[in-house]
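Input: a single structure, listed below in structure tokens.
2 protein chains.
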Amino acid sequence: MSMNQDLRIENRDTLHLKVCNVIREAIIRGDFKPGERLKQSDLAEKMGVSRMPVREAFRKLESEGLIKLEPHKGAVVKSISIEDIEEIYALRSELEKMAVYQSVDLLTDQDIKQLSSLVAEMENADDADAFVQYNIDFHRLLVKRCNWERLNSFIGTLWNGLPQQTPHLLTGQIETSNTEHRKILEAVTKRDKETAANLVSEHIYRTGESLIESIRKEGK
Amino acid sequence: MSMNQDLRIENRDTLHLKVCNVIREAIIRGDFKPGERLKQSDLAEKMGVSRMPVREAFRKLESEGLIKLEPHKGAVVKSISIEDIEEIYALRSELEKMAVYQSVDLLTDQDIKQLSSLVAEMENADDADAFVQYNIDFHRLLVKRCNWERLNSFIGTLWNGLPQQTPHLLTGQIETSNTEHRKILEAVTKRDKETAANLVSEHIYRTGESLIESIRKEGK
DNA sequence: TGTCAGAAAAGTGTGGACAATAATATTTGG
DNA sequence: CCAAATATTATTGTCCACACTTTTCTGACA
């Protein structure tokens with residue numbers, strides 16, 4: 011029963027998994043810009059591995075919606091249009107609604123305590139970056155206890171599809187979000203999954219609308 | 011069906027794509043049973059290629075929900091439980107509702123004519139196999155014109171998640187399905203996307219319920 | 001007899017060489 | 001000088017060989 015070498019978990023992962031994580035974070039962080047071509051040999055050399063793990067990582071990243079992979083052409087970081095944003099938020103609205111509905115009953119008291127503190131952090135957040143991070147944590151935690159594997163995976167894919175910079179465009183309506191978050195928290199605390207699910211759905215939908223509007227306004 | 015030439019000189023696709031298609035069909039056809047372990051070397055040898063294209067095919071099939079892939083362990087054909095069926099039908103109900111809503115406006119007159127004849131075929135179908143196939147075609151065609159790429163991919167994954175034999179358990183309620191199909195067709199013909207979407211959603215949800223019930227009854 | 005350590009076998013993971021394809025540069029004909 | 005055809009180069013796709021992990025087998029020891 012007693013495993014002795016549990017400490018070196020790093021090395022128990024396969025290479026292509028580690029490679030995948032590194033590339034994913036680079037894309038999400040914005041090191042690789044949307045539309046940029048990713049060359050197997052470059053990445054392989056840069057990371058000190060052969061091309062094979064990189065190829066496998068590409069497949070995974072494609073399935074997560076982060077890159078587009080075409081035969082003999084290579085990998086390109088996906089760039090997203092307004093229509094994409096529309097789709098992503100519409101889907102998130104429906105899917106996270108379902109996930110929250112499943113999750114509410116299963117959240118521990120500590121989960122809820124953490125949700126509560128995240129709401130407080132968002133209300134007190136000075137800069138947009140902090141708010142965005144707490145917001146991500148809040149939404150992740152909301153659906154954390156949902157046991158539907160496929161649903162979780164779909165939601166994850168949708169989150170990956172959003173470039174990192176978009177949340178900044180939402181800063182104009184932080185107060186609205188905060189009051190919505192607090193209402194959601196209330197419903198969750200009462201274990202009222204119906205209300206919580208509906209509130210989350212509306213919240214996400216409205217956020218999407220307002221994001222699209224501000225993008226159109228910026229002409230960006 | 012002539013097939014021998016398919017594998018020969020279709021050189022425009024890459025090997026791993028062809029391999030992927032072959033394995034996918036084998037799984038869907040039931041040649042590989044749920045829970046069965048798939049060995050890279052076996053498949054590679056059997057198809058006359060190296061293990062590499064097989065590995066890549068595995069990644070794709072995993073993303074489609076057909077197999078489960080664990081590091082150093084290999085690939086296993088996914089087997090599903092009643093909970094899985096519950097999840098799949100709940101998700102299909104919501105997602106195909108959205109897809110139909112998008113699709114109805116964009117269906118061509120010929121699409122609708124084809125839908126109509128599929129409904130007729132189902133009503134006249136003698137054996138279950140034929141009905142099941144027409145049913146699949148009907149549902150696919152309903153969402154065919156939906157432009158939301160992610161949504162389509164999600165729906166495809168869900169369809170893959172259902173083993174081929176499960177729809178046959180539904181033969182007890184073909185009449186119910188037929189009347190529902192006809193109502194859906196009516197709404198689509200009138201280009202009433204709201205109604206069509208709701209009908210599809212309810213139809214799928216009810217189908218799932220009744221499938222689960224009949225599985226429980228069979229003790230299978 | 002049971003179980004536990006270590007060896008052998010089976011199977012997956014990775015690296016490097018080569019083949020096939022697409023992109024680019026060069027030549028050729030008008 | 002330009003356009004089309006051809007040669008060159010860059011990059012991806014596939015194969016094979018070997019390293020690493022996991023599983024299975026074997027045998028010693030309590």
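From first to last, the protein sequence lines stand for chains H and B. Counting from 1 along the first sequence, just add 10 to a position and that's the residue number in my numbering. Counting from 1 along the second sequence, just add 10 to a position and that's the residue number in my numbering. C-beta: ideal position from N, C-alpha, C; glycine also.
Check, Outcome
"Under 8 Å from the C-beta of Gly75/H: neighbouring residues of chain B", "Arg160"
"Asp16/B - DSSP class collapsed to helix/strand/coil", "With a pLDDT of only 34 at Asp16/B, under 50, the local geometry of the prediction cannot be trusted, and no value is derived from it."
"Cβ neighbours of Asn162/B in the same chain (closer than 8 Å, five flanking residues each side left out)", "Ala109, Val153, Cys156"
"Ala140/B beta carbon less than 7 Å from that of Thr181/B", "no"
"Cutoff 7 Å; reference Glu133/B; Cβ partners in own chain excluding five residues on either side", "Asn188"
"Boundaries (first-last residue) of the beta strand (DSSP E) holding Leu79/H", "77-80"
"Chain-ordered chain H contacts of Thr24/B [CB-CB under 7 Å]", "Pro81"
"From Leu105/H, Gly45/H, Asp52/H, residue whose alpha carbon lies closest to that of Glu212/H", "Leu105/H"
"C-beta contact flag for Ser103/B and Ile214/B at 7 Å", "yes"
"Neighbouring residues, chain B, relative to Glu219/H (Cβ below 7 Å)", "Neighbours of Glu219/H on chain B: none; closest Cβ ~16 Å, over 7 Å."
"The alpha helix (DSSP H) enclosing Val198/H, as first and last residue numbers", "184-199"
"Boundaries (first-last residue) of the beta strand (DSSP E) holding Ala85/H", "84-87"
"Reference Pro81/H; option with closest CA among Ser91/H, Phe68/H, Glu74/H", "Phe68/H"
"Rounded separation between Leu76/B and Leu53/B - CA only", "16 Å"
"Lys70/H: contacting residues in chain B (beta-carbon distance under 7 Å)", "Arg69"
"As assigned by DSSP and simplified to three states, the class of Leu48/H", "strand"
"Exposed unless 16 or more other CB atoms sit within 10 angstroms - verdict on Val29/B", "buried"
"CA-to-CA distance, Gln183/B to Met57/H, given in whole angstroms", "57 Å"
"Residue of Ile95/B, Leu128/B, Asp202/B minimising C-alpha distance to Arg160/H", "Ile95/B"
"Cβ neighbour criterion (16 or more within 10 Å) applied to Lys200/B", "exposed"
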